[in-house]
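Scroll down for the structure; my scribbles are underneath it.
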Amino acid sequence: MTSLPKPAAFGDSRALPKALAALRADKLCAACCAVTLVVALACFCAPLIAPFAYDAQNLSAAATPPCLQYPLGTDMLGRDILSRILYGGRVSFAVGLLATFVSIAIGVCYGMVSGMAGGKTDSAMMRIVDIIYSLPFTIFVILLMIAFGRSLWLIFAAIGAVEWLTMARIVRAMTLDLKSRQFAEAAAVLGQTKFGIMRRHIFPNLLGSVLVCAALTVPSVMLLESFLSFLGLGVQAPLPSWGSMIKDGAEYMEDAPWMLVFPALVFSATLYCLNKIGETLSEAFGK
Amino acid sequence: MAAYFLKRLAGAVPVFLAIVTAAFFMARFVPGGPFDRERPVSAETLKALNAYYGLDEPLAAQYLKYLGNLARGDLGPSYKYPGWSVNEIIAQKAAVSLQLGAAALAIALVAGLLLGFGAAAFAGTKFGAALSGMSLAGICLPAFVLGPILALIFSIKLRWFNAMGWNELPSDAVLPAITLALFYAAWIARLARRSALEEKSRQYVVAARAKGASEARIYFAHILRNAIGPVVSYIGPAAAGLLTGSFVVETIFQIPGLGRFFISSALDNDYTMIMGCVMVYAAFIIAFNLLADMLLAAINPRVARQLEK
């Protein structure tokens, strides 16, 4: 059970300005935002700024330690580590953002419907969530990946399909609370349909919490993608991913430690920044 | 409390059954079969194999037969490792994973609680911020990053431990246990800190201070007891995850545990082994969630009253 972000204070319809102010207030967090932006931008611009292609081999320069030509060294096939980190980051960020979007979309809809329906429908829907929660997650994802073939799109779907559970629980709990508030009851008395109440009155009040949860989901999705790539189930070679680079690095760490150290460093630093941002947001909205 | 326990136990049966059913049919809908090898077997052999294991019967019949065997505690033969039953494999491998997981759980609990409650006690000071920064850094070092790095530093450079292997020396367990524990320790620390900070601002703290209790007594006797709740609920699933083994840690350090089968059985379409792994995990999750709730009720009488309703 991961820690659920606390529900935001109600009436927070202007969630975004509040979030930005909170991010600016904490210096460490502002630095983290800057680092994340730089890394993400560099990764997305990889084809423009990477010194080599990710699959450009130079066997005569295999396993070269960091030097002027290869600032972070090369791997066993003489491929530039820096370029591969940049291209790998593209995949990580793309998966992180898209899968988060998928999971939020599913989680918010499911949670709102469950909370709004209430009664037996609600408890049945939540029981389903409980069951999926207690399935061993890795087996679940691997079966999904094998069943539908290994493609990048499926990684999004598979991860999104698992990550929505937390979101659904939070949204459902908040919907239960919100729908019994006076403004929701007033809307119902005035003849607003259930769908209308969800759209006009409940959804806007959820935004703060959704934002916090999204911020914390991105790093956990990136972690998951790297884990799958580490297992060899994620991105397929020769396309690099941070997870698969760490795996390759771990195999040759005795002879070529830079193959392990640099990807691991970039990966952990990025995760740290994203988690720090998420934490700052959750504190800003929680209190 | 006993009535509540029995009620929960009865409630676990349908959940367990639903998990078994979901896993059974999901595994079967995956293309390929357990006898796909690098060198394909001939059509006759495949037919004979399928007939021998009853895989040519209708799916519903296989499912009912599986449930029947399950009720007698028989998890069936492994398709990937002929001659071995799933019961034997699990019994042998789980022993290793249990030892390693128990060590990791102990480390995670001690380190996580010290770090988290320490960070909350010293909140607002540089020391507290450093402790809380450490726990945030911990969740950014998953096992597949931490394991190789620890092995690189302590086994290859410093030569303090064997880089891999199991049970040749007692010290073989040190690096894997730390690798496994750190991520969980960091989560526990974050939960503990957050919850203790929340409790610190409650009115009962003001009341205790007003009646003259020392700060140490307020923290240890009042705040911690109330703040432990989220940690205990987290430990349920966490313990299940730790004790059933970790694919990553077992692969990096070459440990013959159960964790590896969670991945390899799914890749091999070893249906019975997949089911075995799923059930072991599900049983642990259900059992530890229940244990966590009972523990919570024992610590906090208010929870006990709520549960009994």
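First to last, the sequence lines map onto chains A and B. Residue numbering for the first sequence follows my numbering, starting at 8 and increasing by one per position. Residue numbering for the second sequence follows my numbering, starting at 352 and increasing by one per position. The beta carbon of each residue, even a glycine, is placed where N, CA and C say it ideally should be.
Among the options, the one whose alpha carbon lies nearest that of residue i
i                 : options                                   : result
Ala617 of chain B : B:Arg611, B:Gly434 and B:Ile625           : B:Ile625
Ser436 of chain B : B:Leu642, B:Phe380 and B:Tyr622           : B:Tyr622
Gly122 of chain A : A:Met205, A:Leu272 and A:Ala222           : A:Met205
Ala462 of chain B : B:Gln554, B:Ser565 and B:Leu542           : B:Leu542
Ile149 of chain A : B:Val381, B:Ala373, B:Ser486 and B:Phe639 : B:Val381
Ser99 of chain A  : A:Lys127, A:Ala69, A:Met119 and A:Trp160  : A:Trp160
Pro433 of chain B : B:Val525, B:Asn420, B:Tyr404 and B:Val583 : B:Tyr404
His208 of chain A : A:Ala47, A:Leu223, A:Gly239 and A:Ala191  : A:Ala191
Ile579 of chain B : B:Ala591, B:Arg544 and B:Ala374           : B:Arg544
Ser522 of chain B : B:Glu408, B:Val654 and B:Ala454           : B:Ala454
Ala589 of chain B : B:Ala361, B:Ala442, B:Phe639 and B:Asp619 : B:Phe639
Pro211 of chain A : A:Met181, A:Ala193 and A:Thr71            : A:Met181
Leu357 of chain B : B:Met645, B:Ile650 and B:Gly627           : B:Met645
Ala361 of chain B : B:Leu641, B:Asn651, B:Gln657 and B:Pro652 : B:Leu641
Lys508 of chain B : A:Glu261, A:Thr43, A:Phe269 and A:Leu55   : A:Glu261
Met229 of chain A : A:Ile92, A:Ala53, A:Leu66 and A:Leu104    : A:Leu104
Residue i at chain A interface by Cβ criterion, 8 Å
i                 : result
Ile614 of chain B : yes
Val366 of chain B : yes
Phe495 of chain B : yes
Met624 of chain B : no
Ile507 of chain B : yes
Ile650 of chain B : no
Leu647 of chain B : no
Ile370 of chain B : yes
Met485 of chain B : no
Met352 of chain B : no
Leu465 of chain B : no
Leu406 of chain B : no
Ile490 of chain B : yes
Cβ neighbours of residue i in the same chain (closer than 8 Å, five flanking residues each side left out)
i                 : result
Val556 of chain B : Glu550, Ile569, His573 and Ile574
Gln450 of chain B : Ala524
Ala655 of chain B : Met352, Ala648 and Ala649
Ala47 of chain A  : Gly96 and Phe100
Residues of its chain near residue i, where Cβ-Cβ distance is below 7 Å and the 5 sequence neighbours each way are ignored
i                 : result
Ser236 of chain A : Val242, Ser248, Gly250 and Ser251
Phe376 of chain B : none
Thr530 of chain B : Ala494, Leu497, Gly498, Leu501 and Val600
Tyr259 of chain A : Met83 and Met266
Thr9 of chain A   : Legend: pLDDT at Thr9 of chain A = 45, less than 50; position of this residue unreliable, no value from coordinates given.
Pro73 of chain A  : Leu79, Gly80 and Trp265
Cβ-based neighbour list, residue i, same chain, cut-off 6 Å, excluding 5 preceding and 5 following
i                 : result
Cys39 of chain A  : Cys280, Lys283 and Ile284
Val219 of chain A : Pro12, Leu288, Ser289 and Phe292
Ser546 of chain B : Ala578 and Pro581
Ala70 of chain A  : Met83 and Ala263
Gly452 of chain B : Leu593 and Leu594
Within-8 Å CB hit, residue i to chain B
i                 : result
Asp25 of chain A  : The sequence shown places Lys at residue 25 of chain A, not Asp. No, its Cβ sits nowhere closer than 8 Å to a Cβ of chain B.
Gly256 of chain A : yes
Ala16 of chain A  : Note that Ala16 of chain A scores 49 on pLDDT, short of 50, meaning its location in the model is unreliable and no value can be drawn from it.
Met260 of chain A : yes
Ile56 of chain A  : no
Glu170 of chain A : no
Ser10 of chain A  : Confidence in Ser10 of chain A is poor, its pLDDT being 49 and thus under 50, which makes the residue's placement unreliable; the coordinate value appears in the next sentence. Output row for Ser10 of chain A: interface = yes.
Ile253 of chain A : yes
Lys127 of chain A : no
Phe234 of chain A : yes
Glu286 of chain A : yes
Local conformation of residue i per DSSP, three classes
i                 : result
Thr4 of chain A   : No answer is possible for residue 4 of chain A: it lies beyond the span of chain A, which begins at 8 and ends at 294.
Thr277 of chain A : helix
Ser310 of chain B : This structure does not reach residue 310 of chain B, given that chain B is present from 352 up to 660, and the question cannot be answered.
Asp621 of chain B : coil
Pro581 of chain B : helix
Pro226 of chain A : helix
Asp407 of chain B : coil
Asp255 of chain A : helix
Val137 of chain A : Rather than Val, the amino acid found at residue 137 of chain A in this sequence is Asp. It is helical.
Pro391 of chain B : coil
Arg545 of chain B : helix
Asp33 of chain A  : coil
Lys294 of chain A : Since pLDDT at Lys294 of chain A reaches only 45, below the 50 mark, its modelled position is unreliable, and the value read off the structure follows with that caveat. Lys294 of chain A: coil per DSSP, three-state reduction.
Asp87 of chain A  : strand
Pro607 of chain B : coil
Pro428 of chain B : strand
Neighbour flag for residue i against chain D, beta carbons, 8 Å
i                 : result
Leu618 of chain B : In the structure shown, chain D does not exist; the protein chains are A and B.
Point to revise | Any 3 or more C-beta pairs closer than 8 Å across the segment 77-87 of chain A and the segment 360-380 of chain B | key: Result no; under three Cβ-Cβ pairs closer than 8 Å.
Check your understanding: Are the segment 99-118 of chain A and the segment 169-186 of chain A touching by the rule of at least three beta carbon pairs closer than 8 Å?
Key -> Yes: the two stretches touch, three or more of their Cβ pairs being nearer than 8 Å.
Check your understanding: Is the segment 631-638 of chain B touching the segment 593-607 of chain B, taking contact as three or more C-beta pairs under 8 Å?
Key -> Between the segment 631-638 of chain B and the segment 593-607 of chain B, the count of C-beta pairs closer than 8 Å reaches three or more; the two stretches touch.
Practice item. For the segment 89-106 of chain A and the segment 126-140 of chain A, state whether three or more C-beta atom pairs, one from each stretch, are separated by less than 8 Å. Key: Inter-segment contact for the segment 89-106 of chain A and the segment 126-140 of chain A is absent: fewer than three beta-carbon pairs are separated by less than 8 Å.
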